[in-house]
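**Q** A single structure is presented below for examination.
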């Protein structure tokens, strides 16, 4: 997989990979299938400390929209593959979204939980600005290519995303359903 970051004033970044991801417009929150809840029923993902100026507050994923986006070559002189566009909306109270790391997980069991134990995609590192402690919101676009094997074309999957901010504080796992596109890049129906 290759990552090609591109930023604009709107804080956009693109991820180009050789495998697959997202498909339909749905969103929700869930928990990791492998997490064990604390005594009070909450589940905590490991985060980083942060510095004295800003940090200590994890980012919050407020929404994710994803859809089939056609065909595109993942890199120069490569064969075109179907890809999906995932648009993420993130807020961070302590304003340390100048850099983020995106972790993406998926499984084919739609049950409101996605395991973070199987790492299929390496974390995506996205530098958004040079300004420390001034970025409280970000919109990030990620293009991910579907190779038809893992995940399959035209199939419904449940996806999980974790965002880590510049101080390595981790968001809660954001869980949503997405349908991968057909091999020609058209939106899938989920009826593989």
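Residue numbers (the working numbering): 3 to 194.
Virtual Cβ for every residue (Gly too), placed ideally from N, Cα, C.
(1) Measuring only the C-alpha atoms, how far is residue 155 from residue 101?
(2) Please classify residue 95 as buried or exposed, where buried requires at least 16 neighbouring CB atoms within 10 angstroms.
(3) Please state whether the Cβ-Cβ distance between residue 70 and residue 99 is less than 9 angstroms.
(4) Report the rounded CA-to-CA distance for residue 111 versus residue 157, giving the unit in angstroms.
(5) Based on the DSSP output, what are the partners of residue 98 in its beta bridges?
(6) Residue 185 by DSSP, collapsed to three states: which one?
(7) Taking residue 118 and residue 175 to be in contact with their CB atoms under 8 angstroms, please state how far apart those CB atoms are, rounded to whole angstroms.
(8) Could you tell me the distance, in whole angstroms, from the CA atom of residue 130 to the CA atom of residue 138?
(9) Between which residues of its own chain and residue 133 is the CB-CB distance below 7 angstroms, once the five residues before and five after are set aside?
(10) Would you report the Cα separation of residue 143 and residue 169, rounded to the nearest angstrom?
(11) Are at least three pairs of beta-carbons, each pair with one atom in the region 144 to 151 and one in the region 79 to 86, less than 8 angstroms apart?
(12) Buried or exposed: where does residue 124 fall if 16 or more other Cβ atoms within 10 Å of its Cβ makes it buried?
(13) Measuring straight from C-alpha to C-alpha, what distance separates residue 164 and residue 67?
**A** From the atom records:
(1) 32 angstroms
(2) exposed
(3) no
(4) 11 angstroms
(5) 137
(6) coil
(7) 7 angstroms
(8) 12 angstroms
(9) 100
(10) 21 angstroms
(11) yes
(12) exposed
(13) 15 angstroms
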